[in-house]
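Peer 1: Let me give you the structure first, and then I'll get to my questions.
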Amino acid sequence: MLVKQISVFLENKSGRLAEVTKVLADNNINISALSIADTTDFGILRIIVNNPDKAEKVLKDNDFAVSSTEVIAIAVPDQPGGLEKALRVLNEESIGIEYMYAFVGKTEDEALVILRVEALEEAADKLVKNGVKVLSADNVYKL
């Protein structure tokens, strides 16, 4: 139920993000989700891709500072309050959210969200037990 996320440390300078996307494109790696957290001097690009092991290798081979982290991918109803149920479950279980971001999927009635939380396995289990749709890694990598 956990998904591998690739994080890339980037200097905050023109063209650096384009270099990452070129390396991935040249290696037939598709990005299905991304988030960028930045400061004046650097940024962290977090991506979900169709082949995370290959992405990690080719980025390292091209001298990018790269790490991988496990996250949870959920699908929630694409309507007001759709995300609230999942967040309520985590709150009631006292599981903190480090960060989250949405991503594009091939569905019309669901919004797809990436969550980085404390206690990943416990969080995924609690979400499933409370009727939140947790996506498998294989399903996410195929989006």
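In our numbering, the protein residues as written are 40 to 182. Where is the CB? At the ideal position from N, CA and C, for every residue including glycine. Since this is a predicted model, take the numbers as computed values, not measurements.
Mind checking E131: buried by the 16 CB within 10 Å criterion, or exposed?
Peer 2: By the neighbour-count rule (16 or more Cβ atoms within 10 Å), E131 is not buried but exposed.
Peer 1: Would you call the segment 132–141 and the segment 151–161 in contact, with 3 or more CB pairs under 8 Å?
Peer 2: Contact between the segment 132–141 and the segment 151–161 is present, because at least three Cβ pairs lie under 8 Å.
Peer 1: Using the Cα positions of V42 and V115, report the straight-line distance between them to the nearest angstrom.
Peer 2: Cα to Cα, the separation comes out at about 17 Å.
Peer 1: How is V128 classed by DSSP in three states: helix, strand or coil?
Peer 2: Residue state, collapsed to three classes: helix.
Peer 1: With N90 and I68 assumed to form a contact (beta carbons below 8 Å), what rounded beta-carbon distance in angstroms separates them?
Peer 2: Going by Cβ atoms, the distance from N90 to I68 rounds to 5 Å, so yes, they are a contact pair.
Peer 1: DSSP beta-bridge partners for E157?
Peer 2: Per DSSP, none; premise fails for E157.
Peer 1: Along the chain, where does the alpha helix (DSSP H) containing T60 start, and where does it finish?
Peer 2: Start and end: R55 to D65.
Peer 1: Could you tell me the alpha carbon to alpha carbon distance between Q44 and L174, rounded to whole angstroms?
Peer 2: Taking the straight line from one Cα to the other gives about 14 Å.
Peer 1: From R127 to E160, what does the alpha carbon distance come to, in whole angstroms?
Peer 2: If I take the Cα positions, the gap works out to 17 Å.
Peer 1: Scan the segment 60–101 and note each continuous beta strand (DSSP E) run of 3 residues or more that stays entirely inside, going in chain order.
Peer 2: Counting whole runs of 3 or more residues, the segment 60–101 contains the beta strand (DSSP E) stretches 70–77 and 81–88.
Peer 1: Going by DSSP, what residue range makes up the alpha helix (DSSP H) through V115?
Peer 2: V115 -> not in any alpha helix (DSSP H); beta strand (DSSP E) instead, spanning A104 to P116.
Peer 1: Judging by CA-CA distance, which residue of N178, D92 and S71 is the nearest neighbour of S11?
Peer 2: In this structure the chain extends from 40 to 182, so residue 11 is not present and cannot be described.
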